[in-house]
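If you read the sequences in order, they're chains Z and S.
Note that my numbering has the first sequence beginning at 703, numbered continuously upward.
Note that my numbering has the second sequence beginning at 123, numbered continuously upward.
We put the beta carbon where it would ideally sit given N, CA and C, even for glycine.
Take a look at the structure below.
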Amino acid sequence: MSELALIIEDDEDLANIFAEALRGVGFEVEHVADGKIAQERLKSGSAPFLVLLDMHLPHVSGGQLLTQIKQDERFANTMVIITTADARMGEAYVNQADFVLIKPISFVQLRDLTSRLKPKDQS
Amino acid sequence: MKMLFERFMAISTADPDDTRRRRILNILLVSIGILSLLALAASLAAIFLEVQRWENVKLLIIGSIVTVLGMLIIYLINIFWSGRVAATIFLVFLTLVFAFGDTPEQVSDGRSLFAFAIPIIMASILLAPWLSFVFGTMSGVIVSVIAVSIDRVPNIPAIAGFFVIALVSWLSAGNLEQALKELRDINLNLDKVVVERTQALAESLARERIEAGRNQAILNSIADGVIVFDRNWNAILANPAVRSMLEISRDQVAGKNFRELIQQPGLSPHGRDLLYAMMEHETQPPSFRIEWNGKTLSVSAAQVYDMRNDVNVNIGTVAVFRDFTREAELEKLKSTFVAIVSHELRTPLNAILGYSEMFKETVYGPMNEKQVNMADRIMKNTKRLLGLINDLLDQAQMEAGKLTIQMGPVKPAELLETLHGLMDKTAADKNLTLTSEIDPNLPDTVNGDAARLQQILVNLVNNAVKFTEQGSIRVRLWRPKENKWGIVISDTGDGIPPSEIPYIFETFRQVDAAATRLHGGFGLGLSIVKQLVHMMNGEIEVESVLGEGSTFMITLPLVIPEKVAVRRS
């Protein structure tokens with residue numbers, strides 16, 4: 703079974719590109735485009751191996767979602783990669799997230815990074 | 123009574139000497155007239171009371187009447203015709219009275235001799251000083267003739283005495299006249315001077331009033347608020363515009379110290395700090411903005427100097443306030459607009475960038491070389507466009523005052539590590555080497571805004587890569603002074619023409635249009651770098667040799683973070 707990557711991103715195109723990069727590495731991808739829906743999703747369902755979290759989301763901000771993830775023990779082993787266009791915001795969350803990627807995020811960059819993160823013992 | 127007497131004695135003439143003489147003559151005439159009337163009254167009383175007989179006092183009565191009439195005639199001549207004629211008649215009359223009023227013996231050599239002194243002295247006072255000699259001579263002749271007529275030898279010593287009296291009278295009257303004349307001249311001059319001075323004063327006052335009125339009118343009519351302060355920052359003058367702008371009454375500003383004035387609750391604390399700074403520094407910034415009662419005001423101040431003994435003396439300050447509210451709102455609106463548009467532009471470009479990269483990486487199957495190349499060109503152009511939008515966004519944020527600096531501890535080593543991570547590939551793509559070094563005396567941690575410092579480094583290195591065709595780009599972090607640290611970025615590129623150096627930090631400026639096409643970008647990068655450096659209280663300089671390369675030097679204040687922590691606690 704492949705690892706689950708949860709993409710929380712309101713821009714459909716970026717979500718597509720990220721999903722393609724992650725699938726290329728071998729992740730199973732789940733996409734949520736809205737902060738509120740993401741909040742609900744995080745309350746139940748399986749814990750993803752990796753969350754790609756956009757900071758600027760409708761209804762509920764990425765920051766709130768990050769806090770929620772950090773407080774939930776089920777996500778203790780979940781890696782969080784923050785994506786944002788605002789370098790300053792990225793700076794603010796650099797200690798809470800595993801990685802901060804500043805947009806524009808290169809397809810190759812994301813593919814290479816997640817490829818390194820993905821456990822090698824599988825498959 | 124006194125007024126009646128004054129009117130009775132009054133003489134109307136322009137010559138003050140003549141007036142004086144005629145007044146004295148009047149006094150003499152009146153006194154002699156009164157004496158004669160008294161003598162007449164006494165004689166008549168004596169007859170009436172039968173103390174004397176008519177024959178005995180006949181001469182006295184006739185003499186008195188003649189004298190009173192004579193005095194009256196002379197008085198009328200004196201008042202209405204001529205003082206000189208009156209005085210001459212009076213003196214001749216007096217001399218004749220003395221000559222025939224007594225026995226010839228007494229006149230020629232007895233008690234009446236001395237009476238002649240009176241007209242001699244009077245002549246010098248009433249007519250002219252030299253006429254005392256005329257009357258002296260006349261008296262001498264009369265006395266001699268009378269003496270001879272009764273077969274006596276004239277009294278020569280007495281006649282000589284007349285001349286001595288005449289001499290003394292002449293001298294004293296002459297001196298008196300001279301003294302009076304001088305006094306009159308002095309008075310006259312004084313009057314003239316007073317008149318002149320008064321006129322001059324009146325003119326200058328009128329001129330000043332006109333000028334002050336004109337200045338006041340100008341000051342009242344200009345839309346800018348003006349306050350004039352003296353050297354101690356007490357308000358001397360405030361025009362109506364400034365009063366309505368600052369919403370203060372005349373009493374709240376007139377004569378008040380500026381420090382008191384800026385305690386108004388409507389003034390923002392930041393504005394108050396700026397105004398304090400304005401008071402404390404001799405050299406003023408060109409202008410700055412403050413928030414006052416919800417208005418944005420632009421303030422500029424100029425020191426007023428007075429040249430005294432070739433030394434400029436500061437005599438005060440003129441502060442000009444301009445209502446900038448509307449302009450500030452428009453600026454903010456523009457910046458918000460730019461920010462929104464930039465965001466909206468960036469989102470699809472990020473998508474284009476990602477998709478074209480996927481093409482290039484042949485995610486959906488193999489492509490031929492030309493197709494890969496094309497995808498690469500799409501990527502590069504998209505990046506260029508994104509770079510421009512990022513710059514625009516930064517510029518807009520800076521103008522809106524939204525871009526703020528967050529100072530904190532910064533590790534120079536981390537700055538360089540990130541820089542290499544971001545820029546090594548960009549440099550390598552152009553076959554350039556990017557090297558960096560940290561001076562050993564630079565602390566491990568310095569104070570600054572890490573994200574902005576990173577942005578500065580990336581912008582400058584990007585710029586260096588853009589304008590360098592071969593060679594290297596060197597980044598050096600060092601400590602030029604005990605309390606400064608700096609960034610030096612040198613390249614081996616084209617260099618910048620000296621004439622262009624002053625303008626390279628301006629918004630939308632690049633050395634020439636051809637270079638813009640060749641290298642891409644609009645030259646916002648350097649302008650943003652400079653603004654960021656200034657926001658961190660730093661300075662940026664550039665040195666360049668055409669064909670050899672350019673060096674950008676940034677100097678920033680060095681505050682060891684530990685010290686900051688101590689100060690905060």
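query, result
"Where G647 (chain S) meets chain Z, residues with beta-carbon distance less than 8 Å", "Those do not exist, as G647 (chain S) stays about 15 Å from chain Z at its closest Cβ, beyond 8 Å."
"Per-residue DSSP class, three states only, for D313 (chain S)", "helix"
"Where V810 (chain Z) meets chain S, residues with beta-carbon distance less than 7 Å", "E479, E483"
"Within chain Z, partners of T590 (chain S) - CB distance below 8 Å", "Residues of chain Z passing the Cβ test: none, with the nearest at roughly 24 Å."
"Cβ neighbours of F459 (chain S) in the same chain (closer than 6 Å, five flanking residues each side left out)", "none"
"Chain S contact residues for G726 (chain Z), given Cβ-Cβ distances below 7 Å", "V485"
"Length-filtered (3 minimum) beta strand (DSSP E) runs lying within the segment 399-442 of chain S", "410-414, 417-430"
"C-alpha gap between L166 (chain S) and S186 (chain S), whole angstroms", "11 Å"
"Three-state class that DSSP yields for W692 (chain S) in the structure shown", "Residue 692 (chain S) is absent from the structure shown; chain S starts at 123 and stops at 691."
"Alpha-carbon spacing of V440 (chain S) relative to E628 (chain S), whole angstroms", "30 Å"
"Minimum C-alpha distance to V421 (chain S) - residue among S:T141, S:H465, S:L368", "S:L368"
"Proximal chain Z residues relative to Q577 (chain S), where beta-carbon distance stays under 9 Å", "A789"
"is_contact[D713 (chain Z), chain S] using C-beta, thresh 8 Å", "yes"
"Alpha-carbon spacing of R818 (chain Z) relative to V802 (chain Z), whole angstroms", "15 Å"
"Contacts around I240 (chain S), its chain only, beta-carbon distance under 8 Å, and the 5 residues preceding and following it disregarded", "L216, F220"
"Cα-Cα separation, A723 (chain Z) to L812 (chain Z)", "7 Å"
"Beta-carbon contacts of R598 (chain S) that lie in its chain and below 6 Å, excluding the five residues immediately before and after", "E559, V610"
"Candidates Z:V796, Z:T780, Z:A794, Z:P760: closest to L708 (chain Z) by CA position", "Z:T780"
"Cross-strand partners of S672 (chain S) (DSSP beta bridge)", "S:S666"
"Start-to-end residues for the alpha helix (DSSP H) that takes in A357 (chain S)", "Taken as a continuous stretch (DSSP letters only), A357 (chain S) belongs to no alpha helix (DSSP H), being part of the beta strand (DSSP E) at 357-360."
"C-beta neighbour in chain S for L767 (chain Z), strict 8 Å", "no"
"Local conformation of M757 (chain Z) per DSSP, three classes", "coil"
"Rounded C-alpha distance that separates I771 (chain Z) from G737 (chain Z)", "13 Å"
"Under the three-state DSSP convention, the category D445 (chain S) falls into", "strand"
"The segment 244-256 of chain S contacting the segment 271-278 of chain S, beta-carbon criterion three pairs below 8 Å", "no"
"Cutoff 8 Å: G660 (chain S) Cβ touching any chain Z Cβ", "no"
"Extent of the continuous alpha helix (DSSP H) to which E536 (chain S) belongs", "534-551"
"Contact list for K805 (chain Z) against chain S, beta-carbon separation under 7 Å", "N472"
"One or two residues paired with S594 (chain S) in a DSSP bridge", "S:T555"
"Any C-beta of chain Z under 8 Å from that of G643 (chain S)", "Its pLDDT being 47, under 50, G643 (chain S) is placed unreliably in this model, and the coordinates cannot settle the point."
"Span of the beta strand (DSSP E), counted from its first residue to its last, around N277 (chain S)", "Segment: none, N277 (chain S) is in no beta strand (DSSP E) and carries neither H nor E."
"Proximity test, Cβ basis, 8 Å: T673 (chain S) and chain Z", "no"
"Proximal residues to Q653 (chain S) (C-beta, below 6 Å), its chain only, five neighbours per side dropped", "M520"
"Element boundaries [alpha helix (DSSP H), containing D715 (chain Z)]", "714-727"
"Contact test: I462 (chain S) Cβ vs the ligand NAD heavy atom, cutoff 7 Å", "In the structure on display, the ligand NAD does not appear, and there are no ligands present to speak of."
"For E599 (chain S), three-class secondary structure by DSSP", "Reading off the sequence shown, one finds Leu at residue 599 (chain S), where the question assumed Glu. Strand at L599 (chain S)."
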